[in-house]
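Notes follow the structure.
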Amino acid sequence: MMMLRTVIRARAPKVAVRAFTAAADEKVDDSALMKTIQDQQNASRYDVLPPHAQEWENPCVGELSLPHPKECAVVNFVGEWTKGRKAIIYMPARNQMQSGDYNTHHWEIRFGTRQTWQNPLMGWTSGADPMDAMVMKFNTKEEAVAFAQRQGWSTEVMPVAEKEDFEGKIAYSHNFLPLDVENKLKKYGKKAAPHFKHAAGGHSHWVKTLKYNGNGEVVQHGGDKEY
C-alpha cells in the first residue's frame, strides 16, 4: 500500500511598511547635555576622595550647613598639639621633573615645620610634631577651609600660581645645547659642524686607573709605566 504525504506550505503575504521620520535638516541641539556630561567626567577624573567616600555611596538630603563651624572643635576631640595651629591651604604646583598636571587639580592642607634636632645615633633629623608630614587632600578650596575651621585651626589660603606658557619656547634639547647653538644648527645645518670640533676629537679617551703599590709611587692616568 502506498502512502502519499502532502506538504502544504503557507506563505505570509508581503506587506510593505513605510516609516516616517523627521526631516534630515532638523537637528537637535545637545551641546548643553554634552557639556554637562563632560563636566561630570572631569569632576570624577580629578576626584581625590576614595570610592567609599563618594557622594553616591553616602547620599544626604539637602545641604549640611553649620552656622558656627569653629565651635565644632570643642567637641571634636582635637588633640592639644593641633589646637590653634595655622593650616596652610594651597593648590599644589606641577612637579618640575614631570610635564603632566594631573595631580594639580585638588587642594591640600599642610602645617609648618616646628623645632627639629639632629639624632645623635644616626645623624637623622628628628622632631616631635606628628602633623609635620601629614597631608590632607580636598576637591575644592571651600571643603578644605571648612574642615580646618571645624578643627579649630587658623587658615592661610595661598593664591593659585599662574601657569606659564612654554609652548615653542623651551625644548628638551635645551638641557644639552644652548639656544644659540640650536639656532645655529637650524640655520646652517651641516655647516655648523665645526662648532663641535676640538683638538682631541676622534681620539680614544681610554685611561688607566690609579693604582698604589705601597712603595710611595702612584702611576698617573695614561702613564707608560707597567703596574
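Under my numbering, the first residue of the sequence shown is numbered 1235, with each subsequent residue one higher. Backbone N, C-alpha and C define an ideal beta-carbon position, used for all residues, glycine too.
Looking only at DSSP bridge pairs, what is residue i linked to?
i: K1320; result: S1388
i: M1370; result: I1343
i: W1351; result: S1360
Using only alpha-carbon positions, find the residue among the options that is nearest to residue i.
i: P1364; options: A1378, F1345, F1372; result: F1345
i: R1348; options: L1355, D1414, T1316; result: T1316
i: E1376; options: L1413, N1337, Y1324; result: Y1324
i: P1284; options: P1303, E1305, K1371; result: K1371
i: D1335; options: R1279, S1438, V1415; result: R1279
i: A1367; options: E1342, P1354, V1379, V1391; result: E1342
i: T1389; options: P1303, D1281, A1321, A1380; result: A1321
i: V1180; options: V1379, N1276, D1414, T1338; result: Given that the chain is displayed from residue 1235 to residue 1461, the structure contains no residue 1180 and the question cannot be resolved.
i: E1398; options: D1264, N1417, R1328, M1268; result: R1328
Where does the unbroken beta strand (DSSP E) through residue i begin, and where does it stop?
i: S1407; result: Careful: S1407 lies outside any beta strand (DSSP E) and carries neither H nor E.
Kindly indicate the opening and closing residues of the alpha helix (DSSP H) around residue i.
i: S1278; result: 1265-1279
i: K1418; result: 1413-1422
Can you confirm whether residue i, when its beta carbon is compared against all beta carbons of chain D, has any partner nearer than 8 Å?
i: D1335; result: In the displayed structure, chain D is absent; only one protein chain is listed.
I'd like to know if the segment 1359-1374 and the segment 1392-1409 are in contact, where contact means that at least 3 CB-CB pairs between them fall below 8 Å.
no
Determine, using beta-carbon pairs with one atom in the segment 1418-1434 and one in the segment 1378-1395, whether at least three such pairs fall under 8 Å.
no
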